[in-house]
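Peer 1: Read left to right, the sequence shown gives residues 1 to 295 (the UniProt record's numbering).
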Amino acid sequence: WFIVRKIYSNVYYTHFTLVDNILFTLLDIIFYTHNFYVLVVLMVVKRHQWFKLIHNLQFVECQVNFPHKSHWLAIILAHMVFCAITISGMTVYFVIFDITYVELNFVDCFENYSLFFHTVCTCVVLSLLLSRYKRQILFLKRENINKVHCNMYLLKKSVDIFNDIFGWMILLDVCYGAIKCLTYINLMVKNENIVRNLWLQFYGVSLLTSIWARIVTTILLCDAILKKYEDIFNVAFRIKCSTNNRKFRSILAVVSHNRPEFRAARFFLIDRSLLFSIFDSVTTFTLVILQFKPS
1 WFIVRKIYSN VYYTHFTLVD NILFTLLDII FYTHNFYVLV VLMVVKRHQW
51 FKLIHNLQFV ECQVNFPHKS HWLAIILAHM VFCAITISGM TVYFVIFDIT
101 YVELNFVDCF ENYSLFFHTV CTCVVLSLLL SRYKRQILFL KRENINKVHC
151 NMYLLKKSVD IFNDIFGWMI LLDVCYGAIK CLTYINLMVK NENIVRNLWL
201 QFYGVSLLTS IWARIVTTIL LCDAILKKYE DIFNVAFRIK CSTNNRKFRS
251 ILAVVSHNRP EFRAARFFLI DRSLLFSIFD SVTTFTLVIL QFKPS
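The following block contains the structure:
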């Protein structure tokens, strides 16, 4: 399909520059790399990791008032927004171009949904981890030290498994969002037809907003877990300072040894500071792209 689409899309992309072709090629590479990772690596090679993660999450108790209904509502609303943006995009393509262009980009809808769906799965797992870290503070306040010892170890192992399963998907999603943003900026700067068409602009902005919303949500959930760990560490430190009981004093060492750390395929850490790094990189590449603007 990649070859067929490239052949038939030459009619629409003949006026594209070298920078345009590089950006679109990078998007295609990310798409097919993501699909290969999900279908081959994730579903076959790392299938056993899923069972370990599910077992750990089932063993560790979540917070008492975990909002199950609000989570399902958020997932449904996210799917509704995705469908609305996709349908509006296909409509805009049909009105501005023709049915052939719509057919060429129809498969992109499924590829976009694959990225979207696995990001939703990532956020769901992160929410489950966050709820279980929140529960550890309650156990500490109730002086249930033995349970915290076991849970902190299992949660650390769960975060490591999460990195192994979802690390590459987060990396690809961040790269896709950055390149998609650069592609849109590049087209806006160089193509007057896009600038004049408000519906095309609206679709582009809506698509970018949905992409970055899920990326930002993933990063903030990772950061929330790290923040909750710091709260657990502070509670454990106060317990150590307020008692001479050796059993209670050992909890600080256990918590300190099982500090969670989120990584995107071991390339970079995932926390709040990553947002500024992405913004800085996109801004830098935008300035480079503007240098190639035709006179």
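Virtual Cβ for every residue (Gly too), placed ideally from N, Cα, C.
Could you spell out where the alpha helix (DSSP H) holding LEU42 opens and where it closes?
Peer 2: Counting along the chain, no alpha helix (DSSP H) covers LEU42, and no H or E run does either.
Peer 1: With DSSP as the reference, identify every bridge partner of ARG263, one or two as the case may be.
Peer 2: Per DSSP, the beta bridge partners of ARG263 are LEU269.
Peer 1: Using a Cβ-Cβ cutoff of less than 6 Å, which residues in the same chain neighbour TYR176 once the five nearest sequence positions on both sides are dropped?
Peer 2: ILE30
Peer 1: Looking only at C-alpha atoms, which of ARG259, LEU269, THR183, SER273 sits nearest to ASP20?
Peer 2: From the listed residues ARG259, LEU269, THR183, SER273, the smallest Cα separation to ASP20 is found for THR183.
Peer 1: Under 8 Å from any heavy atom of the ligand ATP, does the C-beta of CYS222 make it?
Peer 2: This structure lacks the ligand ATP; in fact it carries no ligand of any kind.
Peer 1: Ends of the alpha helix (DSSP H) at GLU230?
Peer 2: Per DSSP, the unbroken alpha helix (DSSP H) holding GLU230 starts and ends at 198-242.
Peer 1: Got a sec? Which residues, its chain only, sit under 7 Å from LYS156 by beta carbon, not counting five neighbours each side?
Peer 2: ASN258, PRO260
Peer 1: Within 9 Å (strictly less), CB to CB, does ASN144 reach chain D?
Peer 2: Of the protein chains in the structure, only one exists, and it is not chain D.
Peer 1: Are the beta-carbon atoms belonging to ILE161 and LEU53 less than 9 Å from one another?
Peer 2: yes
Peer 1: Once the 5 residues before and after LEU57 are set aside, which same chain residues still bring their CB inside 6 Å of it?
Peer 2: LEU128
Peer 1: Under the rule that 16 or more other beta-carbon atoms within 10 Å means buried, what is CYS83, buried or exposed?
Peer 2: When all chains shown are included, CYS83 counts as exposed.
Peer 1: Using C-beta distances below 6 Å, list every residue in its chain close to TYR37, excluding the 5 sequence neighbours before and after it, in chain order.
Peer 2: TRP168
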